[in-house]
Every structure is written in structure tokens, then in C-alpha cells.
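Trainee: In the working numbering, the protein residues as written are 273 to 390. The C-beta atom is built at its ideal place from N, Cα and C for all residues, glycine as well.
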């Protein structure tokens, strides 16, 4: 089951060692910056397309076991809800979480961002 997190809960999970994964596009990363410490791994491209095999290959490097806690981040929480539920319900990941409200919620809470240079 996918767990919804507030920005404060995301900070707690980060401190406890959860892997943070921003699934937005490179353009979005550059536009706003990212939550400090996030790994950048796009799921949907600019056209809404995705390559599940390619994503899972990279995802499994970041989240090596089905028990590893991770938090997905996107712009509003919509994409992460879809991807997170897939990972939890179809792929069997037991500690799947996402930032409810996405990067907008992070920003609205007054949190800092890390610039993306790539």
C-alpha cells in the first residue's frame, strides 16, 4: 500500500534513510530545483510516455530490496500516486511512499530546493 506523506513526514523519512526519488522530467527539475538529496529518475516523458523496463532497471539500483523504504516526488502528487501504487500493489514493494501534493506542497511549506545543473 502506498503511504501519503506531508513535507514534514518526508523530512523524517529522509533522516531515517529512505531513498528520495524525483520522477519528474529534466525540464521540471531545472525549473524548480529538487528536494535536497533526491535521486533523479524520470518516469513519464514530456509526452506522457514511459519505458517500464528501463525505469525498473534504474529504480532497482536505488531501491535494492522490496523492503527498502523510498519516497517518490513529482509536481503535484498525481504521477507519484500512479507509479507508487503500481510499485506497491503490482511489484510488491512494502515501503512505498510519496509526497502528497508533490513539489508544490514542499514549496508551500517553505522548504529549500537544490538546483539541478544537468
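What is the rounded straight-line gap between the Cα of residue 302 and the Cα of residue 365?
Mentor: Residue 302 and residue 365: Cα-Cα distance of roughly 29 Å.
Trainee: Report the CB separation of residue 348 from residue 319 in whole angstroms; it is logged as a contact under 8 Å.
Mentor: Not really, about 18 Å apart at Cβ, beyond 8 Å.
Trainee: How many angstroms separate the CA atom of residue 322 from the CA atom of residue 352?
Mentor: Distance between the alpha carbons of residue 322 and residue 352 is about 13 Å.
Trainee: Given 6 Å as the limit, tell me if residue 320 has its C-beta closer than that to any heavy atom belonging to the ligand SAM.
Mentor: Only the bare structure without any ligand can be found here, which leaves the ligand SAM out of the picture.
Trainee: In the structure shown, what three-state DSSP assignment does residue 375 receive?
Mentor: In this structure, residue 375 counts as helix in the three-state DSSP scheme.
Trainee: Just curious, the alpha helix (DSSP H) that residue 286 is in, first and last residue?
Mentor: It spans 279-287 - the alpha helix (DSSP H) in which residue 286 sits, taken as one unbroken run.
Trainee: Candidates 341, 373 and 389: which alpha carbon is nearest residue 350's?
Mentor: When each option's Cα is compared against that of residue 350, the closest is 373.
Trainee: Output yes or no for whether 7 Å exceeds the beta carbon distance between residue 342 and residue 280.
Mentor: Taking 7 Å as the Cβ cut-off, residue 342 and residue 280 do not qualify as a contacting pair.
Trainee: Just list the residues that DSSP pairs residue 369 with in beta bridges.
Mentor: DSSP output for residue 369 lists 275 and 343 as bridge partner(s).
Trainee: In angstroms with no decimal places, state the Cα-to-Cα distance between residue 361 and residue 275.
Mentor: Cα to Cα, the separation comes out at about 12 Å.
Trainee: Below 6 Å CB to CB, which residues in the same chain sit around residue 311 once its five sequence neighbours on both sides are set aside?
Mentor: Result list for residue 311: 293 and 334, in chain order.
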